[in-house]
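Asker: Quick note on our numbering: the sequence shown kicks off at 20 and runs consecutively. Before we start, here is the structure in question, set down as structure tokens.
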Amino acid sequence: MSVGSGLDWDRYAVVVFDVDGTLYDQGRLRRRMMVRLLMEAARTRDAGFLRIISAFRAIREDNAFTGPDLKSEQYAVTARRLGVDVEVVRSTVEQWMEVAPLPLLPACACPGVHDVFSALRGSGRTVCAFSDFPVERKLAALGLEADITVCATDPQVDRFKPHPKGLEVILERTGARPEACLMIGDRADRDGVAARSAGVDVLLRSSATPGYRTFRSYRDEPFAALLRLMATAPPTG
20 MSVGSGLDWD
30 RYAVVVFDVD
40 GTLYDQGRLR
50 RRMMVRLLME
60 AARTRDAGFL
70 RIISAFRAIR
80 EDNAFTGPDL
90 KSEQYAVTAR
100 RLGVDVEVVR
110 STVEQWMEVA
120 PLPLLPACAC
130 PGVHDVFSAL
140 RGSGRTVCAF
150 SDFPVERKLA
160 ALGLEADITV
170 CATDPQVDRF
180 KPHPKGLEVI
190 LERTGARPEA
200 CLMIGDRADR
210 DGVAARSAGV
220 DVLLRSSATP
230 GYRTFRSYRD
240 EPFAALLRLM
250 ATAPPTG
């Protein structure tokens with residue numbers, strides 16, 4: 020589908036953003052983090068933490084978790100596979116995948132995303148962030164603010180994408196109908212499937228993907244149309 024085809028902003032009271040790869044350039048962040056990881060491995064002469072990170076990512080990508088308590092299970096499965104203590108896995112993931120990247124995020128933010136967030140929130144729409152990974156600190160590092168944040172490992176969700184549970188929780192919390200909600204993500208196999216399973220429209224930050232509306236930049240249509248609408252809207256209050 021074409022980038023802006025058929026997207027009517029008046030339909031949507033709730034806009035849900037994925038985080039990783041959607042709000043920032045994930046490839047750029049990973050390249051910069053790899054430099055830091057390799058420097059740390061050289062400094063300590065210990066690459067064990069790299070094995071943990073690699074295994075954890077592979078296990079999460081396999082998405083073979085059924086719950087309950089996915090937050091603990093993801094660490095336990097990685098620990099069993101590598102034969103290491105589960106607390107070592109937990110602390111390594113938290114340090115190198117959740118905390119260490121935060122100072123690098125501002126330089127990796129997608130151009131135009133701050134204007135889009137401001138326009139959406141300024142128009143009275145509810146802006147949400149939904150990710151398989153912790154959300155709040157990443158949003159803060161990016162300088163973005165959402166009305167509602169949901170992580171797949173939250174107790175009330177406990178399901179990774181492409182399961183639609185996280186979106187269902189957002190719909191319940193906002194009271195919105197599925198047709199009044201738009202999901203913006205970057206992966207058809209995760210964000211796209213989750214959105215369609217929940218009956219929610221989806222827009223992907225991606226190259227052309229059969230069957231999906233896509234965009235490459237937050238300065239492209241349909242966001243440019245949204246910003247024009249906001250620029251010409253009469254002041255409120």
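Even glycine gets a Cβ: it sits at the ideal position worked out from N, Cα and C.
Hey, is the region 162-176 in contact with the region 51-70, meaning 3+ C-beta pairs nearer than 8 Å?
Answerer: no
Asker: Buried or exposed: alanine 126, going by 16 or more other Cβ atoms within 10 Å of its Cβ?
Answerer: exposed
Asker: Considering Cα atoms alone, identify which of Asp239, Val107, Pro120, Pro130 is closest to valine 154.
Answerer: Pro120
Asker: Counting along the chain, where does the beta strand (DSSP E) carrying alanine 148 start and finish?
Answerer: DSSP places alanine 148 inside the beta strand (DSSP E), whose first and last residues are 145-150.
Asker: Within a Cβ cutoff of 6 Å, which residues of the same chain sit near isoleucine 71, ignoring the five residues on either side of it in sequence?
Answerer: Val108, Thr111
Asker: Would you say valine 33 and alanine 244 are within 8 Å of each other, going by their C-beta atoms?
Answerer: no
Asker: The alpha helix (DSSP H) that contains leucine 57, what's its start and end?
Answerer: 45-63
Asker: So, aspartate 210 versus aspartate 37, is the Cβ gap smaller than 8 Å?
Answerer: yes
Asker: Taking the DSSP output, what are the residues bridged to isoleucine 167?
Answerer: Cys147
Asker: With a 10 Å radius around its C-beta and 16 neighbouring C-beta atoms as the bar for buried, classify aspartate 29 as buried or exposed.
Answerer: exposed
Asker: List the residues that DSSP assigns as beta-bridge partners of phenylalanine 234.
Answerer: Arg224
Asker: Just grab the DSSP bridge partners of methionine 202 for me.
Answerer: Val35, Val221
Asker: Could you have a look at alanine 128 and say whether DSSP puts it in helix, strand or coil?
Answerer: Collapsing the DSSP output to three states places alanine 128 in a strand.
Asker: Helix, strand or coil for serine 142, going by three-state DSSP, please let me know.
Answerer: coil
Asker: Note down, in chain order, each residue of its chain lying with its Cβ closer than 6 Å to the Cβ of tyrosine 237, except the 5 sequence neighbours on either side.
Answerer: Taking tyrosine 237 as the centre and dropping the five residues before and after it, the same chain places the C-beta of Cys129, Gly131, Val132, Val135 closer than 6 Å to its C-beta, in chain order.
Asker: Going by Cα to Cα distance, which pick from Phe149, Ser137, Phe234, Leu26 is closest to histidine 182?
Answerer: Phe149
Asker: Who are the Cβ neighbours of alanine 195 in its own chain at under 6 Å, not counting the five residues just before and after it?
Answerer: Ala32, Val33
Asker: Can you list, in chain order, the residues of its chain with a C-beta nearer than 8 Å to that of leucine 48? Leave out the 5 residues immediately preceding and following it.
Answerer: Pro120, Leu123, Leu124, Cys127
Asker: Taking 8 Å as the threshold (C-beta atoms), are isoleucine 203 and threonine 41 in contact?
Answerer: yes
Asker: Going by the CB atoms, is the gap between methionine 249 and glycine 162 shorter than 8 Å?
Answerer: no
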